[in-house]
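Here the structure is laid out as structure tokens; the discussion comes afterwards.
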Amino acid sequence: MDFDTLMSVICQMQKNIAENREYLSDLDRAIGDGDHGINMDRGFREVMKKLEGSSINTPADLLRTVGMTLAFKVGGAAGPLYGTAFMKASEAVKGKETVSLDDLLPMLDRAIEGIQLRGKAVRGEKTMLDALIPAKEALDQALAEGLAGDDALDAMIKAAEEGAEYTKTIIATKGRASYVGERSIGHMDPGAASSCLLLNAIKTHA
Amino acid sequence: MDFDTLMSVICQMQKNIAENREYLSDLDRAIGDGDHGINMDRGFREVMKKLEGSSINTPADLLRTVGMTLAFKVGGAAGPLYGTAFMKASEAVKGKETVSLDDLLPMLDRAIEGIQLRGKAVRGEKTMLDALIPAKEALDQALAEGLAGDDALDAMIKAAEEGAEYTKTIIATKGRASYVGERSIGHMDPGAASSCLLLNAIKTHA
Amino acid sequence: MKKFINSVENVEEEMIQGLVKAYPQYLRKLEDSHVIVRAKKKEGKVALVSGGGSGHEPAHAGFVGEGMLDAAVPGAVYTSPTPDAVYEAIEEVKTDEGVLLVIKNYTGDVMNFEMAREMAEGEGIKMAQVVVADDVAVEDSTWTVGRRGIAGTIFVHKIAGAKAEQGADLEEVRCVAQRVCDNVRSMGVAIEPCIVPANGKPGFELAEDEMEVGIGIHGEPGTHREKIRPVNEIVDHLLEKILEDLPYEGSEVAVMVNGSGGTPLMELLIINDHVADVLAEKDIKIVKTFVGNYMTSIEMAGFSISLLKLDDEMKALLNARADTPALTVIG
Amino acid sequence: MKKFINSVENVEEEMIQGLVKAYPQYLRKLEDSHVIVRAKKKEGKVALVSGGGSGHEPAHAGFVGEGMLDAAVPGAVYTSPTPDAVYEAIEEVKTDEGVLLVIKNYTGDVMNFEMAREMAEGEGIKMAQVVVADDVAVEDSTWTVGRRGIAGTIFVHKIAGAKAEQGADLEEVRCVAQRVCDNVRSMGVAIEPCIVPANGKPGFELAEDEMEVGIGIHGEPGTHREKIRPVNEIVDHLLEKILEDLPYEGSEVAVMVNGSGGTPLMELLIINDHVADVLAEKDIKIVKTFVGNYMTSIEMAGFSISLLKLDDEMKALLNARADTPALTVIG
Ligand SMILES: Nc1ncnc2c1ncn2[C@@H]1O[C@H](COP(=O)(O)OP(=O)(O)O)[C@@H](O)[C@H]1O
Ligand SMILES: Nc1ncnc2c1ncn2[C@@H]1O[C@H](COP(=O)(O)OP(=O)(O)O)[C@@H](O)[C@H]1O
Ligand SMILES: [Mg+2]
Ligand SMILES: [Mg+2]
Ligand SMILES: [Mg+2]
Ligand SMILES: [Mg+2]
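Residue numbers (the working numbering), protein chains in the order written: chain R, 8 to 213; chain A, 8 to 213; chain D, 25 to 355; chain G, 25 to 355.
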């Protein structure tokens, strides 16, 4: 994946989020404060504004800029978390001209690490991590099994979506949804849902 | 009409008002602040409390007590107006042991005078006066024509009710209903309606 | 009707009790009545007495205290208090300097306060009064009862209260109070009605895209109904009516953006943003702005704008020290 | 959605503009940002910075001024402000004495403020922080994110603000702020939801006889739903939860009956009537009571009760002079 393709992935992420703005906010309204779609949409719009006509030309700089923009211009919980994730992912591809499927694993790894550093959550607390961690593990396994390209990505996305589905069955103990206690059961975590949308963007342009 | 009958009339007034509490408030809600039934009901309840076990035994004292109670214990516009009306009516029967149909005319006359003194309204401004003045005039005419008892009272009540109906067709220029301007057209004045209820009580026990 | 209450019968009593329990350092309730007076009577000054139906909280009892009222007489919700309650208040706070009644122009209020005044004068108490009639939504003519008194009343309390606190005599206090009445204009709108507890039904019903224009403060319908518009246009309309009623151009004013009880401060601030812009454009200088719930209509979602044209004395009095539950000015 | 606004995109901007236009003597807005600071910077004292999503008006910008905050950082409605906005505020009000951040315990707020703090510390600014988590509706455990910060935050602003104004050093100010956090408990309920303008839909929907118990301040559903009861019973429940969380018996307290924005003062006063009675019965002495809209949720119809257990220092600081748009104490 060259720089332009990675740029297309980021654009696709923006599109996926914009198209699902209402959906994400509705999920958030059920167990949170109903702004996750608004926040993410605002964030990726800011990202697009920042990237438009910029002279950035390496994957690391691109990811870092996305991360900085999300972290510093979005607010809410998702802003700093996704922001940190992209900034950390950027570190995994420092100095590279292109990004391969093999780079995706360390990128995801670092991203998850960053989210956990900031948010102090673990798997099973009904957050974006419940989509991202299974996604990373599935990708890891797929690559280990020698699956190539789309198949590995499919496995990753499937795991993310299953993870997001799974969040319906558990009680939130981190983030705003933790305040509604048992009432969070039956509802998908909006951050897990947005994570799926972001991962999906990778496949579209891979 | 002896003292006891007059007392029954007052009790009947209280009943008529209590039974029409919602009706009067609904009329007031359309063009005023929706409390006329509440006010009148509260007032006549206070009257009953005051009269219960009291040693009052002349028509004048009875009417004066009703008036004082309405004037000083009800508030709103109707309180002082009806209060003054009863106090003034009382002056018309000072020193009398019983009250006859012939006394009713000066009583009404004084009552209307009192209302006009306090409220500075004239006929045609969409107030209780639009029921009371026609009632008085009809009674006057009926007595002049030699109609007796119930017939004279019927004429009086009919005129009051026509007067109340008539208030539907005019714009209020006094009281709270004046604030809604043209929108007061089509609605009966609540004070005119309560005046009909009070006059009706006279007939029931005459 | 969805309300945080216990029973419709006890609303007034419990509200008054809750008020004096919250502010014992400011307020005292007279026994067996709802009359609220200052915790410590101040002698040697003209006493200010105001009041009206309940449902306008913090008005009027919230403005009892140093630099504003000496007593407030709350009636039942939206019902003028009775003459004997007003008289009790006068009797309690009267001084040799006399008592000024601040009355809002409603038939009921005027009659009940005047009956109390007659009683007080009968007892030899020096009395004066002003009648606030600031609502430009209502046509004023010699044939009608005239305009309603609405949120502009708070300016009368503040300015006349400060004058009285300074030791001015009854006629001086009445004069400045009257000057406020003469120079204040207000108008309001609503998008949601309120419900009088004892009544249980809204004063009017509006479609999702409708508003009542020219509302009073008793939950009654306004002068007419319109489609909701962007709030800047609503503000333009209210200011137009206010500004065409009194020449404000080139003068200094105090502004009140008053919430009806259910309007979030967020919206009142947005309203004020445009009020300030329009006045600046018209060369009207804002000296002081009040944004908040001062004269409410229970939980109505609505607002009014009041503009008081100031002279130097009114300006100084507006900025003078006041210490009451609902308005404190360090001065 | 029925609101007095112009467009959902401009709500925050116009609200902030309306605020600074109303109170230029108190407030100044930083250019190209929504950060609000005191009109005149006060040097030589610890600076207090607070903030959070908008929609809680008058919090937080309404409490900027003498004796309370030095800066408020408002985010979009119900969305924590970004680290660079917080940093800008810190940068503007910082003094050699340092800066105290007052953060409400929400994942977003904590992360965004801490990121700003890291930036500020990188620039050599002396920083400290407290995190308010007063909402007893939420279970507290090492496994969860912990309790929310709600209306009790205002007590932190008032008391720590007074301490800073007196010239105390950063650690002293932080200490007393932390003591307030440790000694304040709150809980709320709602009978009508609010609508975030950008979103257009209510956070929850209730039947005519239902209420949400244990609500936060962001329009989110509470911990559970119940049938509405007479408000005294609701108050009993909230106080029970608060009192079982901290031993208040025999101590002096400050009370806040906080409206959510759409609750009429009439009801808040009725609530306070019972709060005062229950506390008196339990031998808890009320030193000061606040009844009104301090930490709102736009137009939500709801309320919270906060109880702050006082020591002598907190008591003195609570009564110390403050002069801000939303809270003035003559002191
Ligand atoms: N501590 C945390 N760690 C990981 N993810 C979190 C954490 N807290 C919240 N989240 C994620 O953030 C999402 C909510 O984001 P958003 O609605 O934008 O912010 P806010 O909660 O401030 O309104 C949640 O659905 C959850 O996935
Ligand atoms: N100036 C007046 N003269 C005569 N009657 C009046 C006057 N003003 C009001 N009224 C009567 O009072 C009635 C309203 O009474 P009520 O609703 O009890 O008082 P309020 O208007 O204070 O709420 C009106 O319907 C009208 O008949
Ligand atoms: Mg959210
Ligand atoms: Mg009425
Ligand atoms: Mg009335
Ligand atoms: Mg949020």
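C-beta atoms are modelled at their ideal positions from N, C-alpha and C, and glycine is treated no differently.
Less than 9 Å divides the Cβ of Ser328(G) from the Cβ of Ile239(G).
With distances taken between CA atoms, Pro82(G) lies nearest to Leu292(D) out of Leu292(D), Ser321(D), Gly355(D), Val88(D). Distance between Leu332(D) and Ile310(D), taken at the CA atoms: about 10 Å. At a cut-off of 9 Å between beta-carbon atoms, Tyr89(A) makes no contact with chain D. The closest heavy atom of ligand 6 lies 8 Å or more from the beta carbon of Asp260(D). Between the alpha carbons of Leu111(R) and Phe51(R) lies a gap of roughly 21 Å. Distance between Val237(G) and Val279(G), taken at the CA atoms: about 20 Å. Relative to the Cα of Ala37(R), the nearest Cα in the group Lys225(G), Asp193(G), Ile114(G) belongs to Lys225(G). Taken in chain order, the unbroken stretches of alpha helix (DSSP H) that lie wholly in the segment 287-340 of chain G and span 4 residues or more are 289-305. Taking the Cα positions, Arg249(D) is about 28 Å away from Phe179(D). For Glu216(G), DSSP records a beta bridge to Ala325(G).
Between Gly82(A) and Ser57(D), the beta carbon gap of about 13 Å keeps them out of contact (Cβ cut-off 8 Å).
Cβ atoms of Met94(A) and Arg125(A) stay farther apart than 8 Å, at about 10 Å. Comparing alpha carbon positions, the residue from Lys26(D), Val32(D), Ile29(D), Ala85(D) closest to Tyr318(D) is Ala85(D). When rounded, the separation of the alpha-carbon atoms in Val101(D) and Ile322(D) is 9 Å. For Phe93(A), no CB of chain D lies under 9 Å from its own CB, so it is not counted at the interface with that chain. Shown here, Lys95(R) sits in a helix according to DSSP, grouped into three states. Counting along the chain, Met280(D) sits inside the beta strand (DSSP E) bounded by residues 276-283. Interface annotation for the segment 180-193 of chain A against chain D: Thr180, Lys181, Gly182, Arg183, Ser185, Tyr186, Val187, Gly188, Arg190, criterion Cβ-Cβ distance under 8 Å.
Ranked by Cα distance from Thr65(R), the first of Ile122(R), Met20(R), Glu104(R) is Glu104(R). Neighbourhood of Ala222(G) in chain R, by CB distance below 7 Å: Ile45, in chain order.
With fewer than 16 other Cβ atoms from the protein chains shown falling within 10 Å of its own Cβ, Arg345(D) counts as exposed. With contacts defined by Cβ atoms closer than 9 Å, Val208(D) and Val154(D) do not form a contacting pair.
Under the 9 Å criterion on CB atoms, Gly246(D) is classed as interfacial with respect to chain A. Listed along chain D are Thr106, Pro107, Asp108, each with a C-beta nearer than 7 Å to that of Phe79(A). Between Ile29(D) and Val255(G) a beta carbon distance of about 6 Å is seen, short of the 8 Å cut, so the two are scored as contacting. A distance criterion of 8 Å places the beta-carbon of Asn207(D) beyond contact range of ligand 6, judged by its closest non-hydrogen atom. Boundaries of the alpha helix (DSSP H) around Gln148(A): 136-151. A distance criterion of 8 Å places the beta-carbon of Gly76(G) beyond contact range of ligand 3, judged by its closest non-hydrogen atom. According to DSSP, residue pairing for Gln153(G) in a beta bridge involves Leu125(G). Unbroken beta strand (DSSP E) runs of no fewer than 3 residues, entirely contained in the segment 58-91 of chain D, are found at 60-62, 71-78, following chain order. Taking non-hydrogen atoms of ligand 5 into account, the C-beta of Gly90(A) is found less than 8 Å away from none of them.
For the segment 134-168 of chain R, there are no residues whose beta carbon sits under 7 Å from a beta carbon of chain G. The C-beta of Met319(D) comes no closer than 9 Å to any C-beta of chain G.
Residue-level contact check: Gly126(A) touches chain D, since one or more beta carbons of chain D fall below 9 Å from its beta carbon. In the structure shown, Lys187(G) falls within a helical segment according to DSSP collapsed to helix, strand and coil.
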